[in-house]
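According to the numbering used here, the sequence shown is numbered sequentially starting from 1.
Notes follow the structure.
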Amino acid sequence: MEWVVKIGGSLFPDYAINLAQELVGEDVLVVCGGGSLANQIREYHEKLNFTPTASHRTAILCMDILGQLLADKVKGAKAVKSLDEVKTTLNSGNLPILIPSLLLEYLDPLEHSWRVTSDSIALYLSHLLEAKLLITTNVDGIYTHKPSLDGAQFIKEISGEKLLNFGETSLDESFAELLLKYKTSAYVVNGKHPERVRAILNGQSTINTFIGGD
């Protein structure tokens with residue numbers, strides 16, 4: 001498998017479905033974000049102060065839910081729960097969409113905190129599978145600060161070291177740390193434009209942010 005493609009929860013449902021349909025037949029594993037469901041868990045956590053482990057695991061269950069729903073709406077997609085299923089699904093020409101909770105509970109590779117979201121989980125999985133990572137979101141890539149604010153400048157390429165100083169951008173806070181730890185890289189692209197995603201998969205130039213961690 002060549003790529004792990006994380007489909008951001010902000011793209012669910014319509015943009016996520018359209019994008020995943022375009023990925024059928026490609027050599028990729030799809031990982032879904034938790035979207036508004038995970039955001040609701042975070043709000044509950046702020047009000048009720050659940051343990052970090054409870055919040056971490058329930059947020060991952062939100063990834064399960066959106067992944068299962070996405071697989072149901074995409075012809076040629078299959079919800080999978082193990083790495084063996086990923087391989088057999090790809091070999092059959094279908095698109096594997098990972099339901100990650102069982103695998104992540106077993107491996108438990110990341111800290112239990114809101115610094116870790118589906119971004120870092122997708123990064124970990126790409127490292128585990130020795131695959132390239134492409135993260136799709138609802139903005140064009142990384143900006144100097146929130147794109148909705150005046151003066152935000154788009155960043156076409158940035159190092160993991162520099163990204164460390166950004167805190168939480170369109171990626172979670174632990175992402176840059178893991179990128180440097182794994183000595184890998186990633187692309188961030190607007191998933192509302194499937195043609196941009198396909199361009200990256202095919203090694204072509206398009207609007208995106210490249211993050212280097214070497």
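Where is the CB? At the ideal position from N, CA and C, for every residue including glycine.
Alpha-carbon to alpha-carbon, residue j and residue i
i: residue 113; j: residue 10; result: 20 Å
i: residue 139; j: residue 190; result: 5 Å
i: residue 104; j: residue 124; result: 10 Å
i: residue 226; j: residue 13; result: Limits of the chain in this structure are 1 at one end and 214 at the other, which puts residue 226 out of reach.
i: residue 143; j: residue 67; result: 28 Å
i: residue 6; j: residue 45; result: 24 Å
i: residue 216; j: residue 164; result: It is not possible to answer for residue 216, since the shown part of the chain is limited to 1 through 214.
i: residue 120; j: residue 134; result: 12 Å
i: residue 83; j: residue 129; result: 9 Å
i: residue 92; j: residue 15; result: 25 Å
i: residue 137; j: residue 32; result: 11 Å
i: residue 192; j: residue 39; result: 20 Å
i: residue 107; j: residue 23; result: 27 Å
i: residue 51; j: residue 43; result: 13 Å
i: residue 204; j: residue 56; result: 36 Å
i: residue 176; j: residue 157; result: 13 Å
i: residue 153; j: residue 111; result: 31 Å
i: residue 109; j: residue 41; result: 21 Å
i: residue 149; j: residue 17; result: 29 Å
Contact under 9 Å by Cβ, residue i with residue j
i: residue 34; j: residue 117; result: yes
i: residue 211; j: residue 187; result: yes
i: residue 179; j: residue 28; result: no
i: residue 213; j: residue 160; result: yes
i: residue 71; j: residue 59; result: no
i: residue 21; j: residue 74; result: yes
i: residue 184; j: residue 145; result: no
i: residue 4; j: residue 77; result: no
i: residue 208; j: residue 196; result: yes
i: residue 69; j: residue 194; result: no
Same chain, Cβ closer than 7 Å to residue i, five either side skipped, listed in chain order
i: residue 90; result: 1, 27 and 96
i: residue 115; result: 172, 173 and 174
i: residue 155; result: 141, 142, 143, 144 and 209
i: residue 132; result: 2, 3 and 126
i: residue 122; result: 4, 6, 31, 133 and 135
Neighbourhood of residue i by C-beta, 8 Å cutoff - its chain only, sequence neighbours within 5 removed
i: residue 37; result: 9, 62, 65 and 66
i: residue 25; result: 76, 93 and 95
Same chain, Cβ closer than 6 Å to residue i, neighbours up to 5 away in sequence not counted
i: residue 81; result: 99 and 102
Inside the stretch 32–103 only - beta strand (DSSP E) runs reaching at least 3 residues: 77–80 and 95–98
Alpha helix (DSSP H) segments (min. 4 residues) lying fully within the stretch 158–193: 160–163 and 175–182
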